[in-house]
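Notes to accompany the following structure.
Protein chains: 2
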Amino acid sequence: MAYRKTPAEIHRLTAAREHLVGCATRVVAEVGWSQASVTAVADAAGIAAGSVYQHFPSKAALAVEVFRRAAGREVEVLGEVLHGPGDPVERLARGVEVFARRALENRGLAHALLAAPAEPAVGAERLAFRRRYRALFAEVVHEGVATGALPAQNGEITAAALTGAIGEVLVDPLGGPGDADTDALLADLTALALRCAGAPRS
Amino acid sequence: MAYRKTPAEIHRLTAAREHLVGCATRVVAEVGWSQASVTAVADAAGIAAGSVYQHFPSKAALAVEVFRRAAGREVEVLGEVLHGPGDPVERLARGVEVFARRALENRGLAHALLAAPAEPAVGAERLAFRRRYRALFAEVVHEGVATGALPAQNGEITAAALTGAIGEVLVDPLGGPGDADTDALLADLTALALRCAGAPRS
DNA sequence: GAAAGAAGTGAACCACCGTTCATAGCTTCC
DNA sequence: GGAAGCTATGAACGGTGGTTCACTTCTTTC
Numbered sequence: 001m002a003y004r005k006t007p008a009e010i011h012r013l014t015a016a017r018e019h020l021v022g023c024a025t026r027v028v029a030e031v032g033w034s035q036a037s038v039t040a041v042a043d044a045a046g047i048a049a050g051s052v053y054q055h056f057p058s059k060a061a062l063a064v065e066v067f068r069r070a071a072g073r074e075v076e077v078l079g080e081v082l083h084g085p086g087d088p089v090e091r092l093a094r095g096v097e098v099f100a101r102r103a104l105e106n107r108g109l110a111h112a113l114l115a116a117p118a119e120p121a122v123g124a125e126r127l128a129f130r131r132r133y134r135a136l137f138a139e140v141v142h143e144g145v146a147t148g149a150l151p152a153q154n155g156e157i158t159a160a161a162l163t164g165a166i167g168e169v170l171v172d173p174l175g176g177p178g179d180a181d182t183d184a185l186l187a188d189l190t191a192l193a194l195r196c197a198g199a200p201r202s
Numbered sequence: 001m002a003y004r005k006t007p008a009e010i011h012r013l014t015a016a017r018e019h020l021v022g023c024a025t026r027v028v029a030e031v032g033w034s035q036a037s038v039t040a041v042a043d044a045a046g047i048a049a050g051s052v053y054q055h056f057p058s059k060a061a062l063a064v065e066v067f068r069r070a071a072g073r074e075v076e077v078l079g080e081v082l083h084g085p086g087d088p089v090e091r092l093a094r095g096v097e098v099f100a101r102r103a104l105e106n107r108g109l110a111h112a113l114l115a116a117p118a119e120p121a122v123g124a125e126r127l128a129f130r131r132r133y134r135a136l137f138a139e140v141v142h143e144g145v146a147t148g149a150l151p152a153q154n155g156e157i158t159a160a161a162l163t164g165a166i167g168e169v170l171v172d173p174l175g176g177p178g179d180a181d182t183d184a185l186l187a188d189l190t191a192l193a194l195r196c197a198g199a200p201r202s
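Same order as they appear, the protein sequences are chains A and B. Residue numbers for the first sequence, in full-length UniProt numbering: 1 to 202. Residue numbers for the second sequence, in full-length UniProt numbering: 1 to 202.
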């Protein structure tokens, strides 16, 4: 044999791959899936279109990777908050707030993850992650029902409503174009969440 | 002059157009916007691909027409229920129930209207109609707040949550594939809606 | 330094799809 | 019946965008 990947080379390759995924994520967040052509992504990463295929077998595979990375981060953060300290109702409120705040802080990415038109492979991925968000919320709702803090209810539906509400607000900002008051919006959203779950009025 | 459209001819033309729109709606409901190519739609209507352009200047125009017809019906029905008799809370519950029931009865179409990936022109239309659904719900919520039946709240967000929740449930049926129990689902949804709006517990 | 092999390149390829257009078939009017 | 005008047709066109591939460039090994 006359060639073996040296550690430095391996590192260079994975770095290139990471760089590609990062740039692709940025492009998707900025212009959406439909406009994120292989050429556009490659340009953003400073490589040739053909080189993308050194790292991924197809555009769909790259897209799925981009989606999984970004959506995975959100699931992780949400999970930490929902499984953190505090009683179920508090955690639910904080979870909604964090989830929504992160989405509002990176609207483009959030839109891409939750709503923007995408190829079927990404659509399937989106479905899977929606289930995970929903499951996380539902878990806390069930907990609240068990401890008596919340009334009996279909937790899955409550959870669906929470993600749906945040998605709605993201897709079509109600307060006009400007972020007139993000904090107020977040406050309204958490209040909605507590009503949705049937938490006692404060 | 040697030619003028006779009434019968006019009727034939508009009928052909209607037939085209109807078939296109069916195709979209069955396979989604992305798979509803001009050829597929023309085939379904039993005409040549080129003939579509006798009735519509572009595929986008046909798509928009299909969307407007279908979404317009829903707005109308929802409006009638929400503006009908009964106190605001009752109307809200009935509105959610009717909206969701119709969606569940024609899942394919509902999915196309609310969620399925679509070309930009349809996306814009969708945004406009979402605002209308939302406005209708918000109106009733405001009414309820005014009469004291509901607590003070951001009605727009409550309305967004309601449409979002129904959309969520549609996109990813929670109870597995089967309609295990549509009535139970509807009951859970209306219960959710009332909690969302903060209606007194029954 | 030279051979061997991998990564990078970008122009060309190809499939798909909306759209057009020359042609054929019908309808209207005299 | 025939001229004029409209509608219907479907093969051909053109743009787009993912993918390929012969070739260049860089890295490793001896």
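For glycine and all other residues, C-beta sits at the position ideal for the given N, C-alpha and C. This structure is a prediction, so every number in the text was calculated from the model and none was measured.
- Per DSSP, A/Phe99 is one residue of the alpha helix (DSSP H) stretching across Pro88 to Glu105.
- The DSSP-derived three-state label of A/Gly46 is coil.
- Sequence-distant partners of B/Phe56 (beyond 5 residues in either direction) whose C-beta falls short of 6 Å from its own C-beta, in its chain, are Leu62.
- No Cβ of chain A is located within less than 7 Å of the beta carbon of B/Val27.
- Residues Val96, Phe137, Ala193 and Cys196 of the same chain have their beta carbon placed closer than 7 Å to that of B/Leu162, with the five preceding and five following residues left out of the count.
- For A/Arg126, the three-state secondary structure derived from DSSP is helix.
- Linking A/Ile47 to A/Arg132 through their CA atoms gives a straight-line distance of about 35 Å.
- CA-to-CA, the gap between A/Asn154 and A/Arg91 works out to about 18 Å.
- Here the alpha carbons of B/Ser58 and B/Ser51 stand approximately 11 Å from one another.
- Residues are counted here when their Cβ sits less than 7 Å from a Cβ of chain A; for the region 159 to 175 of chain B these are Ala160, Ala161, Thr163, Gly164, Ala165, Gly167, Glu168, Val169, Asp172 and Leu174, given in chain order.
- A straight line joining the alpha-carbon of B/Ala121 with that of A/Glu9 spans about 47 Å.
- B/Leu114 and A/His83 have their alpha carbons spaced roughly 32 Å apart.
- A/Phe67 and B/Ala49 have their C-alpha atoms some 37 Å from each other.
- Burial check for B/Pro7: the Cβ neighbour count within 10 Å stays below 16, so the residue is exposed.
- Rounded to whole angstroms, the Cβ separation of A/Ala187 and B/Val169 is 26 Å, and the two are not in contact under 8 Å.
- In the structure shown, B/Ser58 falls within a coil segment according to DSSP collapsed to helix, strand and coil.
- Minimum Cα-Cα distance from A/Ala118 among the listed residues A/Val27, A/Cys23, A/Trp33 and A/Gly22 corresponds to A/Trp33.
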